[in-house]
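Notes to accompany the following structure.
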Amino acid sequence: MRDWQAYVRSHLRVPDLTPEREARVVRELASQLEDFEREARARGMDETAAEAHAQAQITDWDRLSRDVLRADRPHMQPAAERLAIRIESRGGSLMFAHLLRDGRFAVRQFLRKPGFTIIAVLTLALGIGTTSAMFSVVNGVLLKPMPYPDSDALVRVNEVVPQYGAFSVAPANFLDWRQQSGVFERIAAYSGTGGTFAFTDGPERIQGTSVSWDLFELLRIAPARGSGFTAAQDVPNANNVIVLSHALWERRFNSDPAVVGRPVTVNGTAMTIAGVMPAKFFFPNRTAEFWRPIALNPANATRGGHFLGVIARLKPGVAIGSANVEMKSIAERLAAQYPNNSAGESAEVVSMHEQVVGAIRPALLTLFAAVGVVVLIACANVANLLLVRASVREKEIAVRTALGAGRGRLAMQMFVESAILGVTGGAVGLLLAYLIIPTIQTLGAGSVPRVADVAIDVRVLAFTMAASLLTGLLFGLAPAWQVSRDRSATVLKEGGRSSTTTGGRWVRSVLLVGEVALSIVLLVGATLLLRSFARITHVDPGFKPEGVLAFQIALPAAGYPDEPRRIAFFDTFFEKFQAAPDVRAAGMVQALPMRGGYVLSFDISGRPKAEPGKELSANHRVVSPGYFQAMAIPLRRGRLFTDQDREKSKMVALVDEAFVKRHFPEEEPIGRGVDIGNGTDGFYEIVGVVGDVQTSALGEAAVPTMYVPYKQDVFSQMWVVARARSGDPAGMTGAVRQVLREIDPTLPAFQITPLATVVSDTVAQRRFSMMLLALFAGVALFLAAVGLYGVVSYVVSQRTREIGLRMAMGAGPSQIVRMVLGGGMKLAVLGVVIGLAGAYALSKYVETLLYEVTPSDPASYAGTAGILLAVAALACYVPARRAMRVDPLIALQAE
Amino acid sequence: MFTPELKKGSIGMLVLALLEARARHGYEIGKLIELRSGGRLTFALPTLYPTLLRLENRGLIKGRWVEKAGERSRCFYKLTPAGKRVLADQRANWQAYVSAINDVLGTGDA
């Protein structure tokens, strides 16, 4: 009789079936073929003919193989195994086939222990997710090129003035630079501007930018519709053309395709729309919604007033360094040439990207480093989990070793498991990052440049993938190392009882101490920032912003060409506005505190005039009499301004205490005169001293400030501040609009903002850093607690027998709790000590972010240690209680 | 004799029907179909065997290796409770179908 099983096996091709199933199919087909042969023999055929008869039953083996596979789908090998087999049978990489099998095995292991898997994946997701989110910020803000073609060649050119360092550029200097420099392909100036657009449904104030005619060519972005500007339009009185942003075109011009060439009234002047920029274009920031030729007049350009931004594109092959050298020498030559206005001035060339993000870089990199620490903690946690699991799996591993799996193969198996955990954690983490990013953007809006550019892109995906694999390798090291030591013999001899070797326990302890220490470092950093933030938000700005509304009014030159008409407008405005029921006090100022200074030079009466370049300078604030009441700025001495301080009356000024301290340390300032470089001639007599007000941000040293009455130094654009009786500033908005409609319906009030918001915006960047670091520290603390809890629980479960024995010998529950708690807390205390030392060593990196808190602030260190130890005690106490309830009898029987 | 499509549609039902009385092995099922149809219906092994696998995977039959006295061990299939229900259903369906077809075809003289 023929060996039909061998016959079938050599013809049937069903490698995709599981081996057991394949054996059964072969056996049964063989059995049936044998039946055919036997029957044929019984009918009298000879052996050869009978065999041939049986063989003839199946002619198309390929087809049968296919039909069997199709019918027997439920018994197919898993996809990974089928692929591995295919790779092997085609002479592919055995290593890859192994990887596939290890991967499948790992996934099955993980699915079998969902609790472990969920904890490990979530831990990693927290670590990787926060890191990815933070990386997307670093990527969007620091790494992505600016959104202009060949943006590497774009630079900012700043003036460098002796008193203030990098500074805005004076128009006359810019015009000379443009003529004399040879390193730039193009160089353009720009300056912020506002336009009151007359729309059919009322006026709207819109932010814009005045630019040199060839700015768009310089940026290499052409309008999407129409055209940009021509050189002929970049001269005074020929510059009534504007280019719209895409957003403004959509919002206010209904995306009208025929908008180019249409007239529009801006600031009371008829202008023509020349073009519309592409949708994603912005310059210099996203608030600018239209552009207009700047039309600098070479005939009367000032060298003393600095208000231009200057951008340039380097010629191909020119390095920033050499451009810097050239611009420096040009500027210094000009300074020598015009000592009256420019003494001591120089210039610098900075890459545009650096100028935009340079200031935020240290904070972002600090935060990125912090989030890296969170990942390390997550790694330590998962490594610990894997170690615990590896020791439970010792028997399985020993069996595999005994069956011939080499140490390398076992270590690889461990790494594959880790990589799968890492990638799964990374995928969940990416989802987390996707959810966190909008929050980060909200938090960073207004304080982090380019935060709108933050998004998950290819680079973030690649980073997350790499971070996932790397963390997988990192936390996979410990278990792979442990498993690669040949200990199969001992474990098998011990009858498979999982044994905690001293080596494993040592590694776990080190990891735990390490993660406690890392959490301390983050917590200390976060606490320092938190305390700084608390201090800075309690700084007295010198006025009371609560209940005050601030907004701007701009009088166009077309309707208000001279001072009498401007003064008349504001007189009427305040007369009506102050009569509104909710307005307790109202005043105005040309430059709002917390929005920067307005610095002018001055001379003091009876003292010699300063040399050029060494003039005295101070903040200059032009105010109406009601300003001090509305802001609640206290009068220290003398008197405030009154309605009697008018155009023709004696010129008077107020100064603040910082001014007195700086310029009249030993003298009485009242009665002295200051000659302010604001275009008026003569001295303003100081009539009073008021309290200091912070200039551009909370927490800064007060800049000496002088005040003059509005009517003696008229501006056309003013900030109005009004204190509400009700305490709710927003409630006055209606009255503002109503009064303006009555006086001049073409005038909008704009930038309507509660003053408290203006103040809190100045600490937005600090808030951003603090909140993120606090978030990361919180995650770190949580992970450390989970890690501690996990390890102590495991130790308790391993020592159940010992605990039972102790209790049988008379140890009380409190002794057991003390023993377990003590074991965990010893590690925690060690971690805290190391962490405090590490935090102290690293604290200088957050020094620049601190305010009135020293990097070694003892309260922060003590508080942090206290919090961590309390959390650690809690994390140890839960398993300790479990240990306390061990029943000695059961524990001892378990063996 | 009959088209493969016609046969294919009914082989599952035939196998179930043959297993209704008792468990049988694969070779026996093939032979019985041939025998009971007077040789008009034959199913080659390559058709029959995948059918058995399919029916088993659907849980309608269950194969078990049995060694009877004096014989080699063979895989015997028996009808599962689910198989019984499906068979009853298919049988009723089939009979209703056949009678409907017959009614339409008639005897040719109506």
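If you read the sequences in order, they're chains A and B.
For the first sequence, this note's numbering assigns the number 24 to the initial residue and increments by one for each residue that follows.
For the second sequence, this note's numbering assigns the number 112 to the initial residue and increments by one for each residue that follows.
Ideal Cβ positions, reconstructed from N, Cα and C, are used throughout, including at glycine.
Does the beta carbon of residue i come closer than 8 Å to any beta carbon on chain B?
i             : result
S54 (chain A) : yes
E11 (chain A) : Outside the modelled stretch of chain A, which goes from 24 to 918, sits residue 11 (chain A), for which no answer is possible.
Q80 (chain A) : yes
D58 (chain A) : yes
Using 8 Å for Cβ pairs, my map puts residue i next to residue j. What's the rounded Cβ distance?
i              : j              : result
S628 (chain A) : G702 (chain A) : Actually they do not touch by this definition, with Cβ atoms about 18 Å apart.
L453 (chain A) : A143 (chain A) : Contact flag wrong, Cβ pair sits at about 17 Å.
I4 (chain A)   : Y874 (chain A) : Any answer about residue 4 (chain A) is impossible in this case: the structure gives chain A only from 24 up to 918.
N404 (chain A) : L891 (chain A) : With a Cβ gap of about 15 Å, N404 (chain A) and L891 (chain A) do not count as contacting.
M169 (chain A) : M375 (chain A) : 6 Å
Q28 (chain A)  : R50 (chain A)  : 6 Å
V713 (chain A) : R746 (chain A) : In fact, because the Cβ distance is near 17 Å, the residues do not count as touching under 8 Å.
P564 (chain A) : Q717 (chain A) : 5 Å
R135 (chain B) : L127 (chain B) : About 11 Å; that fails the 8 Å criterion.
M729 (chain A) : V678 (chain A) : 5 Å
A933 (chain A) : F600 (chain A) : In the structure as shown, chain A begins at 24 and stops at 918. Residue 933 (chain A) is therefore absent and cannot be evaluated.
G249 (chain A) : G298 (chain A) : 3 Å
A468 (chain A) : V474 (chain A) : 6 Å
E60 (chain A)  : A73 (chain A)  : 5 Å
V645 (chain A) : V612 (chain A) : 7 Å
Report all residues from its chain with a CB closer than 6 Å to the CB of residue i; omit the five preceding and five following residues, and keep chain order.
i              : result
N320 (chain A) : P259
A898 (chain A) : A808, L811, Y812
V396 (chain A) : L541, L545
G928 (chain A) : Limits of chain A in this structure are 24 at one end and 918 at the other, which puts residue 928 (chain A) out of reach.
R32 (chain A)  : V49
V184 (chain A) : F190, E368
L241 (chain A) : R209, A211, R336
A603 (chain A) : A758
The ligand COA and residue i: does the residue's C-beta get closer than 7 Å to at least one heavy atom of that ligand?
i             : result
D85 (chain A) : Although the ligand COA was asked about, the structure shown includes no ligands whatsoever.
Could you have a look at residue i and say whether DSSP puts it in helix, strand or coil?
i              : result
N323 (chain A) : coil
V622 (chain A) : strand
P881 (chain A) : helix
P307 (chain A) : coil
G582 (chain A) : coil
L639 (chain A) : strand
Y187 (chain A) : coil
L331 (chain A) : strand
F252 (chain A) : coil
V126 (chain B) : helix
H136 (chain B) : strand
I913 (chain A) : helix
G231 (chain A) : strand
P564 (chain A) : coil
W236 (chain A) : coil
S647 (chain A) : coil
Please report whether the beta-carbon of residue i lies at a distance below 8 Å from any beta-carbon of chain A.
i              : result
L164 (chain B) : yes
L146 (chain B) : no
A193 (chain B) : no
G137 (chain B) : yes
Y188 (chain B) : no
L156 (chain B) : yes
R185 (chain B) : yes
P161 (chain B) : yes
S121 (chain B) : no
Kindly list the residues whose CB is nearer than 7 Å to the CB of residue i, restricted to its own chain and excluding five residues on each side of it in sequence; keep chain order.
i              : result
G218 (chain A) : I229, G231, V289, N290, F313
K338 (chain A) : V206, F207, E208
E111 (chain A) : L117, A120
G429 (chain A) : none
F596 (chain A) : V762, I766
Worksheet item: When Cβ atoms are compared, which residues of the stretch 84–108 of chain A fall closer than 8 Å to chain B?
Response: So the close ones are R86, L87, D90, V91, R93, A94, D95, R96, P97, H98.
Item to complete: Below 9 Å between beta carbons is the criterion; list the residues of the stretch 202–221 of chain B that meet it against any residue of chain A, in chain order.
Response: Within the stretch 202–221 of chain B, no residue has a Cβ that lies closer than 9 Å to any Cβ of chain A.
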